[in-house]
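Colleague: Using our numbering, you'd call the opening residue of the sequence shown number 777 and step up by one each time. This is the structure, below, for whatever I ask next.
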Amino acid sequence: MKINLKILEKENIPKDLLEIPQPPEKLYLWGNLPPEDTIHLAVVGSRKCTTYGKDAVRKLIAGLKGYPIAIVSGLAQGIDATSHEVALENGLFAIAFPGSGISDTALSYHPNRKLMEKIISSGGCLVSEFEPDFKATLWSFPMRNRLVAGISKAALIIEAEEKSGTLITARMALDYNREVLAVPGSIYSPNSKGTNRLIRQGATPITCSEDILEALGFKTDKKSKQKNLFEDANLEEKN
């Protein structure tokens, strides 16, 4: 698939990104941004995610189907890629921020090139502030993370080790007055130490899709939410 880039100057950059510290001067866009009234949700987590993490992403994002929500992530292996795949499967917008420029040169060895093309063909987009041929470096990922957090109304942290780079995005979201949501996990799992700590520090615990919808400002059917929780409890009792 041929890469066709558009350049967004300041007047066309999403306003939420212009309100963060060190806002981008311009952005390179491959694809199309969603309608202005779309709510953006950052979904981030471990590259080396567990089965629990992948299952959580699938269950939570599938429950957002039908809502005007864009899933924002960084296209890394693991939780990032899974979140985009599930978003597309459920008709949600997908916005990906690679830690590089957007060109055949910069993305030549990217493990998720096919997913990128699927995002574009499904009406989503890739966004970068880096020059097209710029290749990712260690310092470019934190810069990318600030855009992921900045464009989003809330950041959902699925899995994160205690010193994970994912926590950088969570901290940035807090700094930008965004809601931080976290999926609780086993006390025995290293991949849940970061998310459990975020919850202790005040992040909103997420156990079902309705929790996310409420955090994003959507009205939900509380009876339906109760029913889902009871169904899960009954299922566990039977096993």
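Cβ coordinates follow ideal geometry from the N, Cα and C atoms, glycine included. Computed from a predicted structure; not experimentally measured.
(1) Is the distance from the Cβ of A991 to the Cβ of A818 below 8 Å?
(2) Which value, in whole angstroms, describes the spacing of the CA atoms of R922 and Y964?
(3) Pop quiz: T980 and L957 are said to be a contact at Cβ under 8 Å. What is the actual Cβ separation, rounded to whole angstroms?
(4) By how many angstroms is the C-alpha of L864 removed from the C-alpha of E905?
(5) Would you decide whether M948 is buried or exposed? Buried here means 16 or more other CB atoms lie within 10 Å of its CB.
(6) Can T814 and F869 be called in contact, C-beta distance under 8 Å?
(7) By the 10 Å Cβ neighbour count, where 16 or more other Cβ atoms means buried, how is G899 classified, buried or exposed?
(8) Suppose you measure from the CA of K969 to the CA of T858; what does that come to, to the nearest Å?
(9) Provide the residue(s) that pair with I783 in DSSP beta bridges, ordered along the chain.
(10) Suppose contacts are defined by Cβ-Cβ distances below 8 Å. Is K911 in contact with A882 by that definition?
(11) For the alpha helix (DSSP H) containing V924, name the first residue and the last one.
(12) With DSSP collapsed to three states, give me the class of A991.
(13) Run the CB neighbour count on N780, radius 10 Å, all protein chains shown included, and call it buried at 16 or more, exposed below.
(14) With which residues is T980 paired in a DSSP beta bridge?
(15) Where does Y885 land, buried or exposed, given buried means 16+ other C-beta within 10 angstroms?
(16) Taking the alpha-carbon of C901 as reference, which of E785, S849, K995 and I982 has the nearest alpha-carbon?
(17) For the putative contact between A946 and I934, defined by C-beta atoms under 8 Å, what is the C-beta separation to the nearest angstrom?
(18) For the alpha helix (DSSP H) that H860 lies in, which residues bound it at each end?
(19) Using the three-state DSSP reduction, which class does F931 fall into: helix, strand or coil?
(20) G807 to I896, Cα distance in whole Å?
(21) Straight-line CA distance for K791 to Q798?
(22) Please report how far the alpha carbon of T971 lies from the alpha carbon of G854, in whole angstroms.
(23) Considering only residues of the same chain and omitting the five flanking positions on each side of T983, which have a CB-CB separation below 6 Å?
Modeller: Looking at the atomic coordinates:
(1) no
(2) 30 Å
(3) 5 Å
(4) 24 Å
(5) buried
(6) yes
(7) exposed
(8) 21 Å
(9) Y804
(10) yes
(11) S916 to G926
(12) helix
(13) exposed
(14) L957
(15) exposed
(16) S849
(17) About 11 Å; that fails the 8 Å criterion.
(18) I855 to E865
(19) Here the sequence assigns Ala to residue 931, which means Phe is not the residue at that position. Residue state, collapsed to three classes: strand.
(20) 5 Å
(21) 13 Å
(22) 16 Å
(23) none
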